[in-house]
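Student: Following this message is one structure expressed as structure tokens.
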Amino acid sequence: MCAWLKTPPRRWASWAGVPCPWLDSHLSPRMLSGLQHWALGSFLAMPAHDPPSELASLARALARETQRREWHGQGQTEREETTISPETDAGSVRSEQPEVSATEDPSGQQDPADGLTRNRQAAARATNLTELQRGIEACRACDLCHSRKNPVFARGDGSSGVTFLNLAPGAAEEACGSPLAGPPGELLDKIITQGMKLSPQKTALVSLVQCRPPEDRAPSQQEVELCSPWFQRQLELLKSRVLVPLGGPCAGSVLGLNPDLQGLRGRIHRPEGPPVVPTHHPRELLKTPAAKAACWEDIQLAMEELGLPGGA
28 MCAWLKTPPR RWASWAGVPC PWLDSHLSPR MLSGLQHWAL GSFLAMPAHD PPSELASLAR
88 ALARETQRRE WHGQGQTERE ETTISPETDA GSVRSEQPEV SATEDPSGQQ DPADGLTRNR
148 QAAARATNLT ELQRGIEACR ACDLCHSRKN PVFARGDGSS GVTFLNLAPG AAEEACGSPL
208 AGPPGELLDK IITQGMKLSP QKTALVSLVQ CRPPEDRAPS QQEVELCSPW FQRQLELLKS
268 RVLVPLGGPC AGSVLGLNPD LQGLRGRIHR PEGPPVVPTH HPRELLKTPA AKAACWEDIQ
328 LAMEELGLPG GA
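Just so you know, the sequence shown maps onto residues 28 to 339 in our numbering.
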């Protein structure tokens, strides 16, 4: 028998000459007998300088194995046990639980009020557009974060003072990373370059909702509200002086009014913040070319507000 297993009455068992009270307090006579038998087969070659902590860990493993065999012999179901290696103390073993992001509710359900508060705080911390874009990419306030491929951020530097607004990106916008893409985007660029005599880069184009809704549906009111801190902070950092919402739904969301474009366009709205000049969405102009004249009237109102030549 290994010398370290001899446990005289009322004395501590020892390991390499070091007292090990854990053995006396945790091993029954039957367990000790099993440990002695196991030692002959498994620990005989173990170097004598191994620390007592390793013995304690190994003895714990033996105790579990002995109990398992006893229970099995009595017809009871074997229990699954966490394996403890000689290098791991039992107190350091943790149950495996999935990590939860600080921005997500463990249940997977988001509290809209909490999401809006987090977005406001994160948006306020952004000191430039790059920081703001990183915050938008990390946003998990609504379910759009699960279906989107990537958020669609603002285009242009807005140095002319005019910012065009789109309601939400679609598949084409998500694919190219611009708030307005395809033929509608090309038509808007023509309005800017040929009508306003500006470079598109000197204007700004921003979406009220930064992530594409599934199947290009219209965003819900809650999605618009949760995204509003990102949208508002973009306008602040761009130093927008005139806003031009494209289409009735976008204009209605910005102004908090009925989204009937005919009742909104043709005049300058002056809510708190930059003046707002609603006009037709380029997509509508492609379907109804006759509406281009009315759109140009609206653009001239915006140009006049900015002090640009050619304004109304």
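Think of the CB as a built atom: it goes at the ideal place given N, C-alpha and C, for glycine as much as any other residue. Predicted model, so just to flag it, every value in this text is computed and none were measured.
1) Assuming residue 282 contacts residue 273 (C-beta within less than 8 Å), just tell me the rounded distance between them.
2) Which of helix, strand or coil does DSSP assign to residue 154?
3) Per DSSP, which residues does residue 272 bridge with? Please list them.
4) Just verifying my parser: in three-state terms, what is the DSSP assignment at residue 308?
5) On the premise that residue 300 lies in contact with residue 230, defined as a C-beta separation below 8 Å, what is that separation, rounded to the nearest angstrom?
6) Among the residues of its own chain, which have a CB less than 6 Å from the CB of residue 225, if the five just before and after it don't count?
7) Bridge partners for residue 296 per DSSP, in chain order?
8) Which residues does DSSP pair with residue 182 in a beta bridge?
9) Between the segment 260 to 275 and the segment 311 to 330, do three or more beta carbon pairs fall short of 8 Å?
10) Count the other C-beta atoms from every protein chain shown that fall within 10 angstroms of the C-beta of residue 228, then say buried if there are 16 or more, exposed otherwise.
11) Residue 330 by DSSP, collapsed to three states: which one?
12) Could you have a look at residue 245 and say whether DSSP puts it in helix, strand or coil?
13) Applying the criterion that 16 or more other CB atoms from any shown protein chain within 10 Å of the CB defines a buried residue, is residue 337 buried or exposed?
14) From 146, 142 and 138, pick the residue whose C-alpha is nearest to that of residue 261; which is it?
15) Select from 162, 195 and 251 the residue whose C-alpha is nearest the C-alpha of residue 308.
16) Hey, would you say residue 163 sits closer than 9 Å to residue 178, going by beta carbons?
17) For a test of the three-state rule: what should DSSP assign to residue 314, helix, strand or coil?
18) The alpha helix (DSSP H) that contains residue 198, what's its start and end?
19) Residues in the same chain with beta-carbon distance under 8 Å from residue 239, minus the five sequence neighbours each way, listed in chain order, please.
20) In angstroms, rounded to a whole number, what distance separates the CA positions of residue 312 and residue 161?
21) Along the chain, where does the alpha helix (DSSP H) that runs through residue 237 open and close?
22) Using 8 Å for Cβ pairs, my map puts residue 264 next to residue 159. What's the rounded Cβ distance?
23) If distances are taken between C-alpha atoms only, which option among 252, 331, 322 and 333 comes closest to residue 168?
24) Can you check which of these residues, 256, 302, 321 and 149, is closest to residue 333 by C-alpha distance?
25) Tell me which residues share the same chain as residue 266 and place their Cβ nearer than 8 Å to its Cβ, disregarding the 5 neighbours each side in the sequence.
26) Residue 335 by DSSP, collapsed to three states: which one?
27) Between the Cα of residue 235 and the Cα atoms of 317, 207, 211 and 149, which residue gives the shortest distance?
Tutor: By the coordinates alone:
1) Locating residue 282 in the sequence shown gives position 255, counting from the first residue. Locating residue 273 in the sequence shown gives position 246, counting from the first residue. Not confirmed; about 13 Å, so no contact.
2) Position 127 of the sequence shown, counting from 1, holds the residue named residue 154. Residue 154 falls in the coil class under three-state DSSP.
3) Taking the sequence shown and counting its residues from 1, the one referred to as residue 272 is at position 245. Answer is 192, bridged to residue 272.
4) By one-based count along the sequence shown, residue 308 stands at place 281. If DSSP states are grouped into helix, strand and coil, residue 308 belongs with coil.
5) Taking the sequence shown and counting its residues from 1, the one referred to as residue 230 is at position 203. Taking the sequence shown and counting its residues from 1, the one referred to as residue 300 is at position 273. Contact flag wrong, Cβ pair sits at about 18 Å.
6) Working through the sequence shown from its first residue, we reach residue 225 at position 198. Answer for residue 225: 187 and 219, listed in chain order.
7) Residue mapping note: residue 296 aligns to position 269 of the sequence shown, counting from 1. DSSP lists 303 as partners of residue 296.
8) Here the question's residue 182 lines up with position 155 in the sequence shown. 232.
9) yes
10) Counting from one through the sequence shown, the residue named residue 228 turns up at place 201. Per the 10 Å Cβ criterion, exposed.
11) Your numbering for residue 330 matches position 303 in the sequence shown. Residue 330: helix per DSSP, three-state reduction.
12) For the purposes of this step, residue 245 is taken as residue 218 along the sequence shown, with counting starting at 1. In this structure, residue 245 counts as coil in the three-state DSSP scheme.
13) Counting from one through the sequence shown, the residue named residue 337 turns up at place 310. That one is exposed.
14) Residue 261 sits at position 234 when you count from the first residue of the sequence shown. Residue 261 has its Cα closest to that of 146, out of 146, 142 and 138.
15) Here the question's residue 308 lines up with position 281 in the sequence shown. When only C-alpha atoms are compared, the closest one is 195.
16) As a first step, residue 163 must be located in the sequence shown, where it is residue number 136. As a first step, residue 178 must be located in the sequence shown, where it is residue number 151. Yes, they are a contact pair.
17) Counting from one through the sequence shown, the residue named residue 314 turns up at place 287. If DSSP states are grouped into helix, strand and coil, residue 314 belongs with the helices.
18) Walking along the sequence shown from the start, residue 198 turns up at place 171. 198 to 203 is the extent of the alpha helix (DSSP H) around residue 198.
19) Indexing the sequence shown from 1 puts residue 239 at position 212. Correct list, in chain order: 171, 174, 175, 176, 179, 195, 196, 197, 198, 200 and 201.
20) As a working note, residue 312 is residue 285 in the sequence shown. As a working note, residue 161 is residue 134 in the sequence shown. Cα to Cα, residue 312 sits roughly 34 Å from residue 161.
21) By 1-based counting over the sequence shown, the position of residue 237 is 210. First-last for residue 237: undefined, no H or E at that position.
22) Residue numbering aside, residue 264 sits at position 237 when the sequence shown is read from its first letter. Residue numbering aside, residue 159 sits at position 132 when the sequence shown is read from its first letter. Confirmed, about 6 Å.
23) For the purposes of this step, residue 168 is identified with residue 141 of the sequence shown, where counting begins at 1. Selected option, being the one with the closest Cα: 252.
24) Locating residue 333 in the sequence shown gives position 306, where the first residue counts as 1. Measuring from the Cα of residue 333, the nearest candidate turns out to be 302.
25) As a first step, residue 266 is located in the sequence shown; it is residue number 239 there, counting from the start. 185 and 188.
26) Locating residue 335 in the sequence shown gives position 308, counting from the first residue. In this structure, residue 335 counts as coil in the three-state DSSP scheme.
27) For the purposes of this step, residue 235 is identified with residue 208 of the sequence shown, where counting begins at 1. For the residues 317, 207, 211 and 149, the minimum Cα distance to residue 235 belongs to 207.
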